[in-house]
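Enquirer: I have a structure I would like to understand better, so I am pasting it below and will then ask my questions one at a time.
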Amino acid sequence: MSSERRFEALAKSVVGLWMCTGCSSGLKGSSSSEETTGPACASALLWVDEDLDGFGDASRPEEACLNTPGHSSMPGDCDDGRADVHPAMPEICNGIDDDCDGEVDMGLLIEVWSDLDGDGFGDPDTFERVCEPEPFHVRENTDCDDSSEGVNPAVQEICDGIDQNCDGAIDEDAIDRIEAFMDIDMDGMGGPDAPILSCPDAPGISLNDWDCDDTDPTTPLVVDAGASGGDGSLLQPLGSIQDAVDAAVAGSGTACVAVLPGRYGETLDLSKDDVVLVGVEGAERTVVDGFGLDAPVLTLGEGNQLDTLVAGLTLAKGTPDRYVLPLFIVGNRYDWVYDRGAGVYASGARPT
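Here it is as structure tokens:
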């Protein structure tokens with residue numbers, strides 16, 4: 011440093027000390043009542059402290075005497091209008107940066123979510139950080155429908171097409187599932203495989219196991235005693251068992267006929283080919299009535315081998331043939347009206 015600059019610096023320091031030595035220099039903090047000496051009357055860089063909390067506003071530095079009222083030698087006050095806000099204050103949860111560290115309520119806020127339906131589970135889209143939770147606030151966020159208290163992760167799933175337990179799946183493991191059958195061809199009739207637990211309205215599910223070929227939606231043909239003019243589907247059944255048998259045997263798939271409950275006034279000839287003929291709700295409710303005609307109610311022939319099945323039918327009021335061979339028909343009843351038996355004729359057949 012040049013001698014000239016050293017002299018200027020020395021002069022400034024001497025002037026500063028002289029100006030505050032008597033505390034009557036005209037600087038802030040000086041007094042003209044009497045002259046005193048000592049550190050209190052030395053000039054220094056201070057900061058305005060309007061709230062008198064001991065910390066000055068860092069944006070307002072001033073050269074003043076050390077004993078100047080409303081000034082502090084310590085800057086850092088982030089709100090010089092509040093005496094309870096300064097670097098020495100402990101942080102409390104109030105939405106204010108109490109300790110002037112640049113963070114508001116640091117480490118004190120509670121994470122919450124709104125639970126408007128009161129089921130104890132919050133809506134994940136309502137996240138907040140608060141000092142004091144409201145009564146509708148909860149600490150978790152897994153409710154997938156905050157308008158229904160019956161939908162939350164603690165609820166058991168039931169069969170209603172709603173994701174009750176908020177796991178992203180609908181009706182899985184529902185507590186009211188029932189035994190049902192897979193309906194692969196979606197014809198309304200399930201296959202003969204072992205039943206599964208399912209909701210009754212689930213797609214690809216049937217409550218019956220009438221389908222003897224679940225890969226063909228045209229099988230089985232369905233018969234209903236009160237129907238007429240149908241195509242043999244579940245919604246438009248045929249009205250005659252014999253018509254269904256003839257159509258099933260003539261078709262390209264498995265010859266299979268499902269007979270709905272009722273009383274059918276007809277005689278049946280199954281002798282053309284193997285056929286599966288089943289009264290789907292059992293013999294008590296499904297009657298084939300020959301009305302005492304001079305003919306068997308059921309005729310089997312050489313075309314009926316091991317793949318013919320007749321089950322779930324009551325055969326009534328037919329006239330037996332004297333050449334009836336031993337025959338067992340699963341699940342059927344025989345009505346011995348007129349002492350004529352059921353009227354079953356079998357020749358060269360080996361059905362079940």
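Sequential numbering from 11 applies to the sequence shown in my numbering. Where a beta carbon is used, it is the ideal one built from N, C-alpha and C, also for glycine. Bear in mind the structure is a predicted one, so any value in this text is a computation, not a measurement.
For E294, tell me which candidate among T324, C154, I106 has the shortest Cα-Cα distance.
Expert: Checked all of T324, C154, I106; the closest Cα to E294 is T324.
Enquirer: Please check the pair T277 and A321, which I expect to be a contact at CB under 8 Å, by giving their CB distance rounded to whole angstroms.
Expert: So it is not a contact: roughly 18 Å between Cβ atoms.
Enquirer: Please classify D87: does DSSP put it in a helix, a strand, or coil?
Expert: Strand.
Enquirer: Does DSSP put A260 in a helix, a strand or coil?
Expert: The answer is helix: DSSP assigns A260 an H, G or I state.
Enquirer: Three-state secondary structure (DSSP) at D177?
Expert: In the structure shown, D177 sits in coil (DSSP, three-state: anything other than H, G, I, E or B).
Enquirer: Which runs of the alpha helix (DSSP H), 4 residues or longer, sit entirely within the region 238 to 294?
Expert: Taking only runs of at least 4 residues, the alpha helix (DSSP H) segments lying wholly in the region 238 to 294 are 251 to 260.
Enquirer: Please report the distance separating the alpha-carbon of D284 from that of A265.
Expert: Each residue's Cα considered, the two are about 7 Å apart.
Enquirer: List the endpoints of the continuous beta strand (DSSP E) containing W57.
Expert: That run of the beta strand (DSSP E) goes 53 to 58.
Enquirer: In angstroms, rounded to a whole number, what distance separates the CA positions of V267 and I188?
Expert: For V267 and I188, the distance between alpha carbons rounds to 26 Å.
Enquirer: Check each candidate in E72, F65, C75 and name the one with the smallest Cα separation from C88.
Expert: The shortest C-alpha separation from C88 is found at F65.
Enquirer: Going along the chain, which residues of its own chain have a beta-carbon closer than 7 Å to the beta-carbon of S158, five neighbours each way excluded?
Expert: Only D127 meet the Cβ criterion.
Enquirer: Give me the residue from I180, N104, D111 with the minimum Cα distance to A98.
Expert: Of I180, N104, D111, the residue nearest in Cα terms is D111.
Enquirer: Looking only at C-alpha atoms, which of L280, A54, P79 sits nearest to L62?
Expert: For the residues L280, A54, P79, the minimum Cα distance to L62 belongs to P79.
Enquirer: Would you decide whether E73 is buried or exposed? Buried here means 16 or more other CB atoms lie within 10 Å of its CB.
Expert: Exposed: under 16 other Cβ atoms inside 10 Å.
Enquirer: Starting from S69, trace the beta strand (DSSP E) both ways and give me its first and last residue.
Expert: Premise fails: S69 is in no beta strand (DSSP E) and is neither H nor E.
Enquirer: Between R332 and A258, what straight-line distance do the alpha-carbon atoms span, to the nearest angstrom?
Expert: In this predicted model, R332 has a pLDDT of only 48, less than 50, meaning its place in the structure is not dependable; the value taken from the coordinates is given anyway. Distance between the alpha carbons of R332 and A258: 29 Å.
Enquirer: Assuming D148 contacts V122 (C-beta within less than 8 Å), just tell me the rounded distance between them.
Expert: It is Val, not Asp, that sits at residue 148 in the sequence shown. Confirmed, Cβ separation roughly 7 Å.
Enquirer: Starting from I2, follow its DSSP beta bridges and name the residues at the other end.
Expert: Past the edges of the chain, shown from 11 to 362, lies residue 2, and the structure says nothing about it.
Enquirer: Could you pull out every residue in the same chain whose Cβ sits closer than 6 Å to the Cβ of V114, ignoring the five residues on either side in sequence?
Expert: Result list for V114: D107, in chain order.
Enquirer: Under the assumption that Q174 contacts E167 (Cβ atoms under 8 Å), give the Cβ distance between them as a whole number of angstroms.
Expert: So it is a contact: roughly 5 Å between Cβ atoms.
Enquirer: CB D253 to CB R273, shorter than 7 Å?
Expert: No. Outside cutoff.
Enquirer: Check the DSSP bridge columns for T225 and list the partner residues they point to.
Expert: None, per the DSSP bridge assignment.
Enquirer: At what residues does the beta strand (DSSP E) containing A321 begin and finish?
Expert: From DSSP, the beta strand (DSSP E) with A321 extends over 319 to 321.
Enquirer: So, helix, strand or coil for W123, using DSSP?
Expert: The answer is strand: DSSP assigns W123 an E or B state.
Enquirer: Between the Cα of V290 and the Cα atoms of A164, V232, G249, which residue gives the shortest distance?
Expert: Nearest C-alpha to V290: V232.
Enquirer: What does the alpha-carbon distance come out to for the pair L244 and E144?
Expert: Straight-line Cα distance between these residues: approximately 58 Å.
Enquirer: So, for F146: in the same chain, excluding its five sequence neighbours on each side, which residues have a beta-carbon less than 8 Å away from its beta-carbon?
Expert: Answer for F146: S124, D125, L126, G128, listed in chain order.
Enquirer: Reducing DSSP to helix, strand and coil, say where T78 ends up.
Expert: DSSP places T78 in coil when its eight states are reduced to three.
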